[in-house]
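The block underneath contains the structure these notes are about, expressed in structure tokens.
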Ligand SMILES: Cc1cc2nc3c(=O)[nH]c(=O)nc-3n(C[C@H](O)[C@H](O)[C@H](O)COP(=O)(O)O)c2cc1C
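Residue numbers (this note's numbering): 81 to 311.
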């Protein structure tokens, strides 16, 4: 634990359907706290609870279609009413059909401007592998809200294709590939790896130290090899 006169304060605003974003954030928060930062949480709660897995191929295909057209998922009122006093807001969630998820889009529509105007916002993206359109779109929306967006944290699932795409599709439908004795050899688990969760913790430490030192977040390399599965 690093002692500092003024501990950096970080607000994590997030949505997670299947627990992947949440797992990354828990590790990131551990790292931030290790570096002396204080962390507060705001979970985006859909008004109508979303089920995971969806339970059928038809529901999965329908969700992929509606999310492609950026359908919003209405969310309950937030518990946080102001972000003044936070040095950084992290806005985190999964990619849904090349876009930010429906609850994050609903959050930006309703609360984006009042809460994020003039704030520094660092997005964290959890995805199967295609994050660029999500990142470009999210950055544009955040800038429209008046936020400064210095960088982005991205984690993609560390599996080879076609198992990665197939694995995610079947997981959402509720028929996990990893449970098949034959196909499970090619896709052992859905989502991020232990190495990525550990990497999230290390990035949390790095981020916390940068905040404490006043290092511009633009200069941090937050998208490295393990996170993006480029090895
Ligand atoms: C409806 C839907 C659409 C998705 N579309 C994409 C996509 O376009 N690109 C991608 O890389 N991952 C896509 N994914 C996969 C998720 O981004 C990925 O599984 C993520 O790790 C889930 O995070 P969460 O557990 O926090 O919800 C999609 C998932 C769902 C449910």
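Note that the Cβ used here is the ideal one computed from N, Cα and C, for glycine as well.
No experiment lies behind these values; they were computed from the predicted model shown.
Self-check item: Spatial distance of residue 172 from residue 262 (CA atoms)
Solution: Spanning the two alpha carbons is a distance of roughly 35 angstroms.
Practice problem: Please confirm whether any heavy atom of ligand 1 lies closer than 6 angstroms to the CB of residue 234. | Solution: Because no heavy atom of ligand 1 lies under 6 angstroms away, the Cβ of residue 234 does not count as near it: no.
Quiz prompt | Reference residue 94; option with closest CA among 301, 202 and 256 | solution = Among 301, 202 and 256, the Cα nearest to that of residue 94 belongs to 202.
Self-check item: Neighbourhood of residue 273 by C-beta distance below 6 angstroms, restricted to the same chain and skipping five residues each side
Solution: Close CB contacts of residue 273 within its chain, under the 6 angstroms cut and outside five residues either way in sequence, are with 238 (chain order).
Self-check item: Contact test: residue 207 Cβ vs ligand 2 heavy atom, cutoff 6 angstroms
Solution: Questions concerning ligand 2 fall outside what the structure shown contains, since the ligands it does hold are ligand 1.
Quiz item: Where do the N-terminal and C-terminal ends of the beta strand (DSSP E) with residue 241 fall, by residue?
Solution: From DSSP, residue 241 is part of no beta strand (DSSP E); its letter is neither H nor E.
Exercise. Could you have a look at residue 224 and say whether DSSP puts it in helix, strand or coil?
Key: In the structure shown, residue 224 adopts helical secondary structure according to DSSP, grouped into three states.
Self-check item: Residue nearest to residue 197 in terms of C-alpha spacing, selected from 170, 227, 214 and 151
Solution: That would be 227, whose Cα lies nearest to the Cα of residue 197.
Self-check item: DSSP-derived helix/strand/coil call for residue 128
Solution: If DSSP states are grouped into helix, strand and coil, residue 128 belongs with coil.
Quiz item: At which residues does the alpha helix (DSSP H) containing residue 175 begin and terminate?
Solution: That residue, residue 175, is in no alpha helix (DSSP H); its beta strand (DSSP E) goes 168-176.
Quiz item: Buried or exposed: residue 301, going by 16 or more other Cβ atoms within 10 Å of its Cβ?
Solution: The residue in question, residue 301, is exposed, as its Cβ has fewer than 16 Cβ neighbours within 10 Å.
Exercise. Specify, as a first and last residue, the run of the alpha helix (DSSP H) that residue 139 falls within.
Key: Counted as a single uninterrupted DSSP element, the alpha helix (DSSP H) harbouring residue 139 occupies residues 137-148.
Practice problem: Could you tell me if the beta carbon of residue 273 falls within a distance shorter than 6 angstroms of some heavy atom in ligand 1? | Solution: Answer for residue 273: no, Cβ out of range of ligand 1.
Exercise. Could you round the C-beta distance between residue 243 and residue 210 to whole angstroms and report it? I think they count as a contact, below 8 angstroms.
Key: About 15 angstroms separates the CB atoms of residue 243 and residue 210; that is not less than 8 angstroms, and the two are not in contact.
Quiz item: Straight-line CA distance for residue 199 to residue 183?
Solution: Each residue's alpha carbon lies about 20 angstroms from the other.
Quiz item: Quick one: what's got a C-beta closer than 8 angstroms to residue 230's C-beta in the same chain, skipping five residues either side?
Solution: Taken in chain order, the residues that qualify are 200, 202, 296, 297 and 298.
Exercise. Flag this pair as touching only if the stretch 203-223 and the stretch 124-133 have three or more C-beta atom pairs under 8 angstroms; answer yes or no.
Key: Judged by Cβ distances under 8 angstroms, the stretch 203-223 makes no contact with the stretch 124-133, as fewer than three pairs qualify.
Quiz item: In chain order, what residues of the same chain have a beta carbon less than 6 angstroms from the beta carbon of residue 192, not counting five sequence neighbours either side?
Solution: Only 225 meet the Cβ criterion.
Exercise. Answer yes or no: the CB of residue 296 versus the heavy atoms of ligand 1, is any distance below 6 angstroms?
Key: Taking non-hydrogen atoms of ligand 1 into account, the C-beta of residue 296 is found less than 6 angstroms away from none of them.
Quiz item: DSSP three-state call for residue 203: helix, strand or coil?
Solution: Three-state DSSP puts residue 203 in a strand.
Quiz item: Excluding sequence positions up to five away, which residues of its chain have a Cβ less than 6 angstroms from the Cβ of residue 177?
Solution: Hits under 6 angstroms: 144, 147 and 148.
Quiz prompt | Nearest-angstrom Cα separation, counted from residue 88 out to residue 292 | solution = The straight-line gap from Cα to Cα measures roughly 6 angstroms.
Quiz item: Is it buried or exposed for residue 280, if we count other Cβ within 10 angstroms and need 16 for buried?
Solution: In the assembly as shown, residue 280 is a buried residue. Its beta-carbon has 16 or more other beta-carbons within 10 Å.
Quiz item: Does at least one heavy atom of ligand 1 sit under 6 angstroms from the Cβ of residue 245?
Solution: Checking every heavy atom of ligand 1 against the Cβ of residue 245, none is found closer than 6 angstroms.
Self-check item: residue 98 to residue 86 span [Cα, whole Å]
Solution: Looking at the backbone, the Cα of residue 98 and that of residue 86 are separated by about 35 angstroms.
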